[in-house]
Structure formats: C-alpha cells, structure tokens
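Visitor:
Chains as they are written, first to last, in this note's numbering: chain A, 179 to 427; chain B, 179 to 427.
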C-alpha cells in the first residue's frame, strides 16, 4: 500500500505565490520608488539595477545596491530609504493593476480545493492594497515580512507558507517573477514556476533554476493540468473553459 | 597598397547611439507612460510587455500591442495613445537621469575625433530634453523619427546616421539597449553592442544578435580599445585614466 500513499501525497500540489510582479503589476512603480528613495539619500543607481533587485526586502535591497556602489549605508540611511520608498510607492499606487489571470487563477484554485498561499517580502501595510486588488477571501493564507526573520532569497518565507497550508514544501510550487523567488524556492525544496510579468527574461529565470517559465498567471491557469491539478480546464476559446469551475470536484 | 587602405577604413569605427534606455535612464518612465496612455483608450496591457516594446515608434508599439490583444486600433486611437503617452511622459520627465558613463563617453569620443551620432525613434520634441541632459555640442549629429519614414527595427535610421557621419554602416558600432536596436543594426550591416541599461537581459540581446553585451556606457568607455578605438584609457582606478583625454590625437 506504500506506493498508493506515496502517490497520494504527490498528487495534489499546493501553490505559494509571490505578490509584487507575480499577481499585481507593481514592479515598475516599486523600481521608480526605490530610485527616488535612494536618490534622496545621495545614491544615483540606474533603474534597471534596482528593477533586478525588487523582491528582496528593503534592507537587503539597500545593502545589495550599496555593495554595487562601494558605499556602505548606515542603518539610519537604510531606514530613511525604506521610509522614502514606502511614501513614494504610495503616491504611485493608483497606477498598480492586477496581472492577467491572477484573480481567476486564485478563485479557481479555491474552487478546486487546491491549497494556496501568498508569500511576500513586503510588510502587511505594503501588501494590503495589493491583496485588495486580488479580491481574495479574508481567511486567505498570506505570509509577509513580519512572519519571518529573513527575506527572500532565504527560504524561510516559503517554508512558513507551506507549513501554514499543512503541506511539505516539496509538494508545493512556488510561483514568482524574480530570481529571488526561484532561489528561495529551490532552497525550500519546492519547484519554482517563473512568470515573465515582473520584467525578468525567461533566460534569467531558467538560469536561476525555474522548473518552468510561463508568461503570466493566465498561462498557468490554462496549464494547471501540467502541474498535476486536474482542473478540467480546456484550451482558451473553448466553451468548456467557462464551465470548468462548475465541474470542479 | 590595397591592404593598407582596407586596413585604414576598418581602423577607426563610428558609433551610432540609441538614446532612451541607452544614454538616458528613461525606459521605465516610458513604459508607465505608455501603460497609462493605452489604458486611456481601453487597453489593459501589463507593463512588462510594454517595456519590451520601448524603442519602437509610437505607432509600431501600438500596433504590436494591439496584435497581442487581438484588437485592432483605429488610426484615431493610435494617435490618441501617442498624444497621451507624450503628455504622461512629460509629467514623469523630472525623474529621468543620464546613465552611468554616457556624458563622459560622448565627450571622450569627440576628443578622440571618433565620429558618433545619436539615432532615436522619438520625435525631435521627445529627444530635446534628453539631449540637454547629455550636455552635447549643438552641432552633434542627431537623427530622429522625422528624418526617416520607418522606425526601428527598420535599418533606415542607422543608415541615415552613418551617412551623416560620412561613414559606411559596416564601419559603425550601433550601441543600444533594446532588441529593436540590435535587429536594426544587423539589417544595416553594423555590429551591435547591447547595453543592459534598458532593462533587457543579456540573453535577450545576445539572442537578437548583439556582437557584445556590456553593462552600460561606462563599461563601453572603459573597453573602447576592444572596439578598435585606441583611447589610451587605462583600467578604472588608474591615474592614467584621467589623463587619457589629454593624450588623445
């Protein structure tokens, strides 16, 4: 009977989603908000370098960028930059939209009884407006910076997320847009699906160790079967697709 | 003597620079301005897809994105989006900075009597404030959308730029951040140097056919010798570097 029980645990994966750049289209606003924040404390860092570091925690991002410039940020400077970033991002927040497929994918996973969580490097305050855009139930599992001591690429945030779902990380897919998600996923022992929605290229995500790279949550939704979730979702344009949610177990 | 004259023409290359994302750090503002513009005419396009199409002309960008969505833009919609983009970008212009090494590279090429031009898909009005940031002489060779009938990836803009310099495109390096620059360069018969400053990955630029991929104008400046420009520029940190300009022929 061992074979059957081994099969059972590998049958229904859980999903651990990154938030910014993965479910909501906020990376470009975050990059420019960090650019403004770092400039305010005297650092002139080109936007593309900041863009590639979105998804790290604020303090890690500041440290990473200060290594680039050879200048060490004091704790006060790092805190000032984080506060300035939060203020600058808030001014840009009205421009943030959900990404294609994100809302429907989460709804569909819920209806299919597939466990899922959101695991973000941001604070609860950072995350709240983005979570509102996603229109998810109040009892959704959301892990933020305050639940862990170290941010991505430390695996802690995904380990905590899997535990809250009552699952082993090995039975979970991490879905993220940044190499930090992919690196953290691998250290957690989870397979990582990279999405292009954050502005990284497919090659960067593959090089970091992504199991698969898809365009966006919509493409993941249409290919759920390939992750072991038997959704009954047909190809886009098919009439079956619209009915699939009703057919869910 | 033919050999010597062949060598002479291949000895001193010219440089044809893209502007946005290559010399000035404006791609992220352009991407968000296009996002706002397209939304205003009813298109919800994720920012990363727009980002990857910066460097096309406004109308080509609109057409490319409408192909993505399957909806055809009318000429009026396309014009409205272009106007809205220009207005939205103007509101963001205060955030635009020059990229590392850009100003000094152009100065150094001038002092070394190396021909260079700027070739941008933008209009003269788009380009003017960015050119001001670069602090270049009034008589610099600048080719804009009004000088050609088709924008990149059509090779026309680089062909015109090379002709204005009195050079064959085969003797020029195109320096750009977007695959559209690289594709246009190859069609023009020029070697393309890709810079990471626009937010594309090295793999995307290499796949498009870049001869080399460098981080930014500063890295190009430090490796001018590798392009056949004998600048006498030493490695960064060396005292010789500061004196190299004075040693220029």
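Glycine included, each C-beta is placed from N, C-alpha and C at the ideal position.
Report the three-state DSSP secondary structure of residue 259 of chain B (helix, strand or coil).
Guide: Locating residue 259 of chain B in the second chain gives position 81, where the first residue counts as 1. Look at residue 259 of chain B here: in three-state DSSP terms it is helix.
Visitor: By the 8 Å beta-carbon criterion, what residues does the segment 293-312 of chain A contribute toward chain C?
Guide: No chain C is part of this structure, whose protein chains are labelled A and B.
Visitor: Any chance the segment 332-339 of chain B sits against the segment 351-370 of chain B, with 3 or more Cβ pairs inside 8 Å?
Guide: yes
Visitor: Listing by chain order, which chain B residues have their CB less than 7 Å from the CB of residue 375 of chain A?
Guide: Against the first chain, residue 375 of chain A aligns to sequence position 197. Neighbours of residue 375 of chain A on chain B, chain order: 224, 226.
Visitor: Between B:275, B:341, B:222, which has its C-alpha nearest residue 313 of chain B's C-alpha?
Guide: Translated into the one-based positions of the second chain, residue 313 of chain B becomes position 135. Comparing Cα-Cα distances from residue 313 of chain B to each of B:275, B:341, B:222, the minimum goes to B:275.
Visitor: Alpha carbon to alpha carbon, how far is residue 391 of chain A from residue 193 of chain B? Give it in angstroms, no decimals.
Guide: The count along the second chain starts at 1 and reaches residue 193 of chain B at position 15. The count along the first chain starts at 1 and reaches residue 391 of chain A at position 213. Taking the straight line joining both Cα atoms gives about 36 Å.
Visitor: Can you tell me whether residue 317 of chain B is buried or exposed, with buried defined as 16 or more other CB within 10 angstroms of its CB?
Guide: For the purposes of this step, residue 317 of chain B is identified with residue 139 of the second chain, where counting begins at 1. Answer is exposed; the Cβ neighbour count stays below 16.
Visitor: So, are the CB atoms of residue 339 of chain A and residue 319 of chain A less than 8 Å apart?
Guide: Counting from one through the first chain, the residue named residue 339 of chain A turns up at place 161. Counting from one through the first chain, the residue named residue 319 of chain A turns up at place 141. Yes; because the gap between Cβ atoms is below 8 Å, this pair is in contact.
Visitor: In angstroms, rounded to a whole number, what distance separates the CA positions of residue 379 of chain A and residue 374 of chain B?
Guide: By 1-based counting over the first chain, the position of residue 379 of chain A is 201. By 1-based counting over the second chain, the position of residue 374 of chain B is 196. Between residue 379 of chain A and residue 374 of chain B, the C-alpha separation is close to 12 Å.
Visitor: Between which residues of its own chain and residue 376 of chain A is the CB-CB distance below 6 Å, once the five residues before and five after are set aside?
Guide: By one-based count along the first chain, residue 376 of chain A stands at place 198. The residues are 199, 205, 355, 356.
Visitor: Using a Cβ-Cβ distance under 8 Å, would residue 244 of chain A count as near chain B?
Guide: Position 66 of the first chain, counting from 1, holds the residue named residue 244 of chain A. Residue 244 of chain A does not count as touching chain B.
Visitor: How big is the Cα-Cα spacing for residue 279 of chain B and residue 399 of chain B?
Guide: Working through the second chain from its first residue, we reach residue 279 of chain B at position 101. Working through the second chain from its first residue, we reach residue 399 of chain B at position 221. Cα-Cα distance, rounded: 7 Å.
Visitor: On the DSSP bridge list, what partners appear for residue 295 of chain A?
Guide: Working through the first chain from its first residue, we reach residue 295 of chain A at position 117. According to DSSP, which records beta bridges pairwise, residue 295 of chain A is partnered with A:194, A:319.
Visitor: Whole angstroms is fine: what's the gap from residue 325 of chain A's alpha carbon to residue 341 of chain A's?
Guide: Working through the first chain from its first residue, we reach residue 325 of chain A at position 147. Working through the first chain from its first residue, we reach residue 341 of chain A at position 163. Rounded to the nearest angstrom, the two C-alpha atoms are 12 Å apart.
Visitor: When the cut-off is 8 Å and only beta carbons count, does residue 379 of chain B lie next to chain A?
Guide: In the second chain, residue 379 of chain B corresponds to position 201, counting from 1. It does; some Cβ of chain A falls within 8 Å.
Visitor: Is it buried or exposed, residue 250 of chain A, if we count other Cβ atoms within 10 angstroms and call 16 or more buried?
Guide: Here residue 250 of chain A refers to the residue found at position 72 when the first chain is read from its first residue. So residue 250 of chain A counts as exposed.
Visitor: Just tell me which of B:190, B:308, B:289 has its CA closest to the CA of residue 296 of chain B.
Guide: Translated into the one-based positions of the second chain, residue 296 of chain B becomes position 118. The residue with the shortest Cα to Cα distance from residue 296 of chain B is B:308.
Visitor: For residue 259 of chain B, which option in B:238, B:224, B:244, B:215 has the closest C-alpha, if you only look at C-alpha atoms?
Guide: Here residue 259 of chain B corresponds to residue number 81 of the second chain, with the count starting at 1. It is B:215.
Visitor: Using a beta-carbon distance below 8 Å, is residue 209 of chain A in contact with chain B?
Guide: As a working mapping, residue 209 of chain A is identified with position 31 in the first chain. Yes, residue 209 of chain A lies at the interface with chain B (some Cβ there is under 8 Å from its Cβ).
Visitor: Could you give the DSSP three-state label for residue 377 of chain B: helix, strand or coil?
Guide: Position 199 of the second chain, counted from the first residue, corresponds to residue 377 of chain B. Residue 377 of chain B falls in the coil class under three-state DSSP.
Visitor: With 8 Å set as the bound, which would you pick, yes or no: does the beta-carbon of residue 369 of chain A sit closer than that to a beta-carbon of chain B?
Guide: Taking the first residue of the first chain as position 1, residue 369 of chain A is located at position 191. Closer than 8 Å: no.
Visitor: What is the C-beta distance between residue 191 of chain B and residue 405 of chain B, in whole angstroms, given that I count them as a contact (C-beta under 8 Å)?
Guide: Position 13 of the second chain holds residue 191 of chain B. Position 227 of the second chain holds residue 405 of chain B. Going by Cβ atoms, the distance from residue 191 of chain B to residue 405 of chain B rounds to 6 Å, so yes, they are a contact pair.
Visitor: Taking the alpha-carbon of residue 302 of chain A as reference, which of A:222, A:264, A:383 has the nearest alpha-carbon?
Guide: What you label residue 302 of chain A is simply residue 124 of the first chain in a count that begins at 1. Residue 302 of chain A has its Cα closest to that of A:264, out of A:222, A:264, A:383.
Visitor: Please tell me whether residue 255 of chain A and residue 219 of chain A are closer than 8 Å, where the distance is taken between their beta carbons.
Guide: What you label residue 255 of chain A is simply residue 77 of the first chain in a count that begins at 1. What you label residue 219 of chain A is simply residue 41 of the first chain in a count that begins at 1. Cβ distance < 8 Å, so residue 255 of chain A and residue 219 of chain A count as in contact.
Visitor: Do you know how far the Cα of residue 299 of chain B is from the Cα of residue 213 of chain B?
Guide: For this step, residue 213 of chain B is matched to residue 35 along the second chain. For this step, residue 299 of chain B is matched to residue 121 along the second chain. Their Cα atoms are separated by approximately 18 Å.
Visitor: So for residue 357 of chain B, helix, strand or coil by DSSP?
Guide: Counted from its first residue, the second chain places residue 357 of chain B at position 179. If DSSP states are grouped into helix, strand and coil, residue 357 of chain B belongs with the helices.
Visitor: With 7 Å as the limit, tell me which residues of the segment 272-285 of chain A have their beta carbon closer than that to any beta carbon of chain B; keep them in chain order.
Guide: 273, 275, 277, 278
Visitor: Grab the span of the beta strand (DSSP E) containing residue 392 of chain A for me, first residue to last.
Guide: Reading the first chain from its first residue, position 214 is the one you call residue 392 of chain A. It spans 390-392 - the beta strand (DSSP E) in which residue 392 of chain A sits, taken as one unbroken run.
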